[in-house]
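A.B. asks:
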Amino acid sequence: MIINSIKSKIILALCSLIGLLLLQSYLFNYSQTSLLNLQKSQHNALIQSEAVNHLENDIISLQGHAVSFIDNANENTITKFNFYLNKANLNLEQLKTNIQNQTPEYQNSLIRLGEYLNNYQDTFGQVVVNRQKREHLYTTQFKQPIDDLQVTISDLEGSSNNDNKVIFNDVLLTISNLKHAIISYLYKPNFDEAQNVKQNLNHLHKKLTSTSVINESLSNKTTSLKQAYNQLVLLTRSYTFSVNVVLTGIENELLYLTNEIKNIEKNKLIKTEELLSSHLTKNTEQANIFAVLIMLIILFLSYFIFRSVIKPITQLTLLLKDMNSEKPVTISNNSQNQTEIASVIKAANALYLKNKQTKELLNETRVLNSQMEAMNADLTSAMEQTDKANKTKIDFVANMSHELRTPMNGILGMLQLLQSSELPSRQKHYADKAFSSAQNLLQILNNILDFSKLESEKVQLEQIPFTLHTIVSNVQNLFSTNAKQKGLLLNFTLHVDAGLELIGDPMHLSQIINNCVGNAIKFTEHGEISLIIEATSQHEKTINLRFSIKDTGIGMTEEQSKIIFQSFSQGDSSTTRKYGGTGLGLTISKQLTKLLGGDIQVRSTINQGSEFFFTLPFTLSEQQKLKKHALLISPDNDQIKKLMDLLSDINITTETTQEPLRAIAKMSQPSSPFSIVIMSIEKKELNDNFILQQLYAQNKNVNEKLTLILLITDEESPEPIAKNENIDIIIIGNKNSEVEILRKLSPNNFKEKQLKPRPKFSGFNALVVDDNRINQEIASALLARLDMTVIIADNGHDALDKVEINDIDIIFMDVQMPVMDGLEATSILRERGYKTPIIAITAAADPNDKKAAFRAGMDDFLVKPIIFDALYESIEKHLQSSESLSTINLPLAKENLENNDELLAKLFTQFVNDYNDFSIKADILIKNGELESLIRLVHTLKGLAGTLGFELLQQSAQSVEKSLIDKKSINLSHFNEQLILTLFAVKQFLIAYSFKKEHIQQHELENEDSVIDNIYSLALTARPVPSSLIRQLEMNQYERGHSLFKLKEAIDHFNYALVIELIDKYRNDNKN
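Taking this note's numbering, the leading residue of the sequence shown gets 206, the next gets one more, and so forth.
1) Find out if the Cβ-Cβ distance for the pair Phe823, Ile748 is shorter than 8 Å.
2) Give me the DSSP bridge partner(s) of Gly814.
3) Who are the near neighbours of Tyr434 in its chain, counting only those whose CB is closer than 7 Å to its CB and skipping five residues on each side?
4) Taking Cβ to Cβ, would you say Val701 is nearer than 8 Å to Leu750?
5) Report yes or no: do the stretch 467-483 and the stretch 324-339 share at least 3 C-beta pairs separated by less than 8 Å?
6) For Ile926, does the three-state DSSP call read helix, strand or coil?
7) Rounding to the nearest angstrom, what Cα-Cα distance links Asp1257 and Asn1273 in this structure?
8) Classify Leu267 as buried or exposed, calling it buried when 16 or more other Cβ atoms lie within 10 Å of its own Cβ.
9) Just the C-alpha distance for Glu578 and Leu666, rounded to the nearest angstrom, thanks.
10) Please state whether DSSP places Asp919 in a helix, a strand or coil.
11) Looking at the strands, I want to know which residues DSSP matches up with Met1018.
12) Just to check, is the beta-carbon of Leu800 closer than 7 Å to a non-hydrogen atom of the ligand HEM?
13) What is the DSSP secondary structure of Phe1116, reduced to helix, strand or coil?
14) My understanding is that Met1063 touches Ile1043, with C-beta atoms under 8 Å, so please give their C-beta distance in whole angstroms.
15) Grouping DSSP H, G and I as helix and E and B as strand, with all else coil, what is Ile518?
16) For the beta strand (DSSP E) holding Leu695, just list the boundary residues, first then last.
17) What's the C-alpha gap between Thr477 and Asn242?
18) State the beta-bridge partners of Gly723 as determined by DSSP.
19) What residue ranges within the stretch 472-508 form continuous beta strand (DSSP E) runs of no fewer than 3 residues, ordered along the chain?
20) Identify which residue in Ile1129, Ile455 and Arg1245 has its Cα closest to the Cα of Glu320.
21) Which of helix, strand or coil does DSSP assign to Ser415?
22) Applying the 10 Å Cβ sphere with the 16-neighbour rule, what's the burial state of Gly330?
23) Take the Cβ of Cys721 as the centre, count every other Cβ of all protein chains shown within 10 Å, and call the residue buried at 16 or more, exposed below.
24) Taking buried to mean at least 16 other C-beta atoms within 10 Å of its own C-beta, is Asn954 buried or exposed?
25) Going by C-alpha to C-alpha distance, which of Gly1038, Glu1036, Arg1037 and Ile996 sits closest to Met1018?
26) Anyone know if the C-beta pair for Glu1137 and Asn1094 falls short of 8 Å?
27) Does the Cβ of Thr1031 have 16 or more other Cβ atoms within 10 Å, making it buried, or fewer, making it exposed?
28) If you measure between the beta carbons of Ala643 and Ile616, is that distance less than 8 Å?
29) Under 8 Å, do Ser735 and Thr792 count as touching if we go by C-beta distance?
30) How about the stretch 428-442 and the stretch 335-350: do they share at least three Cβ pairs that are nearer than 8 Å?
31) For Phe966, tell me which candidate among Asp263, Met993 and Lys426 has the shortest Cα-Cα distance.
32) Does Thr672 come out as helix, strand or coil in the three-state DSSP assignment?
33) Buried or exposed: Val257, going by 16 or more other Cβ atoms within 10 Å of its Cβ?
34) Starting from His744, trace the beta strand (DSSP E) both ways and give me its first and last residue.
35) State the Cα-Cα distance for the pair Phe495 and Ser482, rounded to the nearest angstrom.
36) Would you kindly work out how many angstroms separate the C-alpha atoms of Val1068 and Asn1176, rounded to a whole number?
Written out as structure tokens, the structure is:
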């Protein structure tokens, strides 16, 4: 049966135990609740009993103070009576708190007790009033008349003869007895005292009426005294009745009721204590019963566990030991105890069999593990060999890249030189074709190298500043020749400022664009290639730029578009394919865009063209965030390009669009950076243009005002339109519109844009360090185009010698060379203190090579083959062309002197005085051999020239100082010539400055008189003076004692009479 199982019995016993515990818990909670209620009742009974005791004590205190008042009436007794009466009422209210739970008799007793307390209060009040009336009656109608009578009799006695004095003495004695009798009556109002008073009154009346010497008026006073005495008797009887009868009765009743309530509360307390004691006894009995039951269940359960669990488990343990000794186990079928233990024993036997099988499997596994370890060792060795082979492959690719780039540098360099020379048209055509093919070969080499880096996950991203102008220029320089050869138009459309300074990885961005543009040119036979750059969004420091490369080439099918980004995949992979290539360019671009935070995609239509596009995030530089931003809206691409170039000159960042909806979307962004909008529009569109309406609506709740410049394309001098409080609107016609824009946006820095040729670097010496003769020839030819003098060194050691004997301005250093490489040579030069710019030129394009060059102390890094534009940009970055220097750089001088024109003129004058005869002093020092003194003078002049902006003189002085220090041949002719030119320019400046200063002073004087005249005219007509005139007046800052010192104060107080008086005085003083 199921009930015979161990589990069932244990569950049953546990359920019984749990049931008892739950029942005990319930009874315990119930008992606790009852106990708490009883304790609460006991507590309330104690409180009520205590209140009854207090009430009884208060009533006794009331009785005592009532008696005290009767014996000695005073205000203090009344106050204490009222105090105990209030306490009695409070205690009575305490007793009434739970009156609804009391018996009717108890409630009735409390009500009666309250009523008697009120009656007691009223009766005592009446007693107080009667006592006060009795005192008043006694004082006014009895005591005072008797005292007056006594005084009168005493006066009569003093004026009478001896016979009458006896009579008067007898009367005075009677009056005295009467006074004592009335006081005794008031103190003890009983019948005997009343009779005594009455007898004395009668005796007094008889003596006064029987004596002839006393007038009748005095005898009539006894009648008044009798009447007053009768009233006093009535009041005393009423007072005595209230005290002796009413108050005493109420007091007895109060004490009776209090005692009755006290007995009730006492009985209630006794009953509560009995119930509490009974409840505790009952709880104790219940607890004992449950303890016994639980103990019995625990004993039963312990016996059951021992008999049905522990004992069989002991037997099972013995069986398992036998199994461990691999002895077979048999179970008797006649056993009556076939419970779970029997099942366990059967399971143990099965486990024994499984264990035996497991041991066999374990032995087999050990054999397999041994084989696996041997295979792992082979695999580890193979992986090490693979890694070694991979490293060898990477090193091979890097070395091959360097080795292939070196001859490619010679090929491309020579082809560039060949292209720049005069050639017949056919030979020039061949040279162009050769240059294009060499570039294609270089691109293939770059793709293979980049793919190898991506496969080995060794691509390192950079975060450096760059501009879109650099990216676009590189693309144009790289592909303009190829596009021109195929007759393709290469378009660059930037809807953002080309000078926008970004922080990111320009090298890999250029690589992605170059791959896409290169493919576009390859697969396009006619038409155009377009690179479009636009901003999709901007938030604080981050801007997202969308790059799109469109072509009008052969296009692709949908299937081709899906596989175009796969490695070594091409649209046409057949043996008859028309277009070559490795199929790695787009694969590399795909992986690079993901590394940069974007994803490249393609849209293509067969026979119509393709578009490759991707969006990447960039960080704006700190300087870029401070620039103004302008949005250009125009359908004319030429106009947009001109405006972008012009605005870039005045440091304004631009974005462009030709689509109205996109313009509105850009302006409506929450973090829109645009403070200027320039829009090309026809005059007829001014009133109903959609973009204008949206701009007006969007800028209603914007704090910063928007500058809106409208270029009217069909009118030269358009009329201004109505002003808008949220937008500064500027209307410009189609004549000289670009110039007018610059005048409006930058009136202080206005200048018309001029195209400047690249400056030359004549007078500069360049050292080219390379072990390859062809590379030396190419570098020399490219530098010669910039009028630079070129010195050649074959290796690093040779370069150290050339630097020692020549005045070198810039060094172009190859990295890998025999004898001494470029890194070691650079380190030695930097250790020796040479500050000359060193530019690395190498065929190694790995970022690690670039880092190694910078660590060695090089200033820039160029990758072979050398492109002239990149070479020029590097030279321009590290050298300042003499053509860009000026004799006097006036803005620099003012900036150094904090724009203090007077100090500048003073220092210029001092310079002319000090250095007018410097050439003569220098010749004397040279003749005397005092070169150290000459070096100090030249060094001082160099520093002063730098401060005052004499750039050409500073450069010449620096060259002379270096020659003097190196103890080379001294030739001051060029320096003297430059000094003379500088002194002449300074003198011309001082003459112009003096004329300008006189003109300004005269203008200020005329301007001051004009201001005074205007103020005088307004004061004569008592009209207010405008704030503009007041500001001009404040600029003069008249000193104390000047005629116009108090003029502004008079204007502020509208004292026009004083204004007229002060100006008249000022004019009279000037006449005199």
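Note that CB positions come from ideal geometry on N, CA and C, so glycine has one too.
C.D. replies: So, to answer that:
1) Residue numbering aside, residue 823 sits at position 618 when the sequence shown is read from its first letter. Residue numbering aside, residue 748 sits at position 543 when the sequence shown is read from its first letter. Yes, the Cβ-Cβ distance between Phe823 and Ile748 is below 8 Å.
2) Position 609 of the sequence shown, counting from 1, holds the residue named residue 814. Looking at the DSSP assignment, Gly814 forms a beta bridge with Thr810.
3) Looking up residue 434 in the sequence shown gives position 229. For Tyr434, where only same-chain residues beyond five positions count, the Cβ hits under 7 Å are Phe347, Val402 and Leu406.
4) As a position in the sequence shown, residue 701 is number 496, starting the count at 1. As a position in the sequence shown, residue 750 is number 545, starting the count at 1. Contact: yes.
5) no
6) As a position in the sequence shown, residue 926 is number 721, starting the count at 1. Three-state result, Ile926: coil.
7) As a first step, residue 1257 must be located in the sequence shown, where it is residue number 1052. As a first step, residue 1273 must be located in the sequence shown, where it is residue number 1068. Looking at the two C-alpha atoms, the distance is approximately 24 Å.
8) Here residue 267 refers to the residue found at position 62 when the sequence shown is read from its first residue. It is buried - the Cβ of Leu267 has at least 16 other Cβ atoms within 10 Å.
9) Counting from one through the sequence shown, the residue named residue 578 turns up at place 373. Counting from one through the sequence shown, the residue named residue 666 turns up at place 461. About 41 Å.
10) Taking the first residue of the sequence shown as position 1, residue 919 is located at position 714. Coil.
11) As a working note, residue 1018 is residue 813 in the sequence shown. Note: Met1018 sits in a beta bridge opposite Val974 and Ala1045.
12) Ligands are entirely absent from the displayed structure, and the ligand HEM is therefore not among its contents.
13) Taking the first residue of the sequence shown as 1, we reach residue 1116 at position 911. If DSSP states are grouped into helix, strand and coil, Phe1116 belongs with the helices.
14) What you label residue 1063 is simply residue 858 of the sequence shown in a count that begins at 1. What you label residue 1043 is simply residue 838 of the sequence shown in a count that begins at 1. Indeed they touch by this definition, with Cβ atoms about 5 Å apart.
15) To locate residue 518, count along the sequence shown from 1; it is residue 313. Residue state, collapsed to three classes: helix.
16) One-based indexing of the sequence shown puts residue 695 at position 490. From DSSP, the beta strand (DSSP E) with Leu695 extends over Leu694 to Leu699.
17) As a working note, residue 477 is residue 272 in the sequence shown. As a working note, residue 242 is residue 37 in the sequence shown. Answer to the nearest angstrom: the Cα atoms are 10 Å apart.
18) Here residue 723 refers to the residue found at position 518 when the sequence shown is read from its first residue. According to DSSP, which records beta bridges pairwise, Gly723 is partnered with nothing at all.
19) none
20) Counting from one through the sequence shown, the residue named residue 320 turns up at place 115. Of Ile1129, Ile455 and Arg1245, the residue nearest in Cα terms is Ile455.
21) As a working note, residue 415 is residue 210 in the sequence shown. Note: Ser415 maps to helix in three-state DSSP.
22) Walking along the sequence shown from the start, residue 330 turns up at place 125. Per the 10 Å Cβ criterion, exposed.
23) Here the question's residue 721 lines up with position 516 in the sequence shown. Buried is the call here.
24) Here residue 954 is taken as the residue at index 749 of the sequence shown, counted from 1. For Asn954, the predicted structure reports a pLDDT of 47, less than 50, and the residue's modelled location is therefore unreliable. The matter cannot be settled from this model.
25) Taking the first residue of the sequence shown as 1, we reach residue 1018 at position 813. Of the candidates Gly1038, Glu1036, Arg1037 and Ile996, the one whose C-alpha sits nearest the C-alpha of Met1018 is Ile996.
26) Looking up residue 1137 in the sequence shown gives position 932. Looking up residue 1094 in the sequence shown gives position 889. It is not a contact, given that the beta carbons lie outside the stated cut-off.
27) Here residue 1031 corresponds to residue number 826 of the sequence shown, with the count starting at 1. Buried.
28) Working through the sequence shown from its first residue, we reach residue 643 at position 438. Working through the sequence shown from its first residue, we reach residue 616 at position 411. A contact, by the Cβ cut-off of 8 Å.
29) Position 530 of the sequence shown holds residue 735. Position 587 of the sequence shown holds residue 792. In this structure, Thr792 does not lie closer than 8 Å to Ser735 by Cβ.
30) yes
31) In the sequence shown, counting from the first residue as 1, residue 966 sits at position 761. Selected option, being the one with the closest Cα: Met993.
32) For the purposes of this step, residue 672 is taken as the residue at position 467 of the sequence shown. Thr672 falls in the strand class under three-state DSSP.
33) Residue numbering aside, residue 257 sits at position 52 when the sequence shown is read from its first letter. Buried is the call here.
34) By 1-based counting over the sequence shown, the position of residue 744 is 539. Taken as a continuous stretch (DSSP letters only), the beta strand (DSSP E) holding His744 covers Glu733 to His744.
35) Working through the sequence shown from its first residue, we reach residue 495 at position 290. Working through the sequence shown from its first residue, we reach residue 482 at position 277. Computed Cα separation, rounded: 20 Å.
36) To locate residue 1068, count along the sequence shown from 1; it is residue 863. To locate residue 1176, count along the sequence shown from 1; it is residue 971. If you take the alpha carbons of Val1068 and Asn1176, they lie about 39 Å apart.
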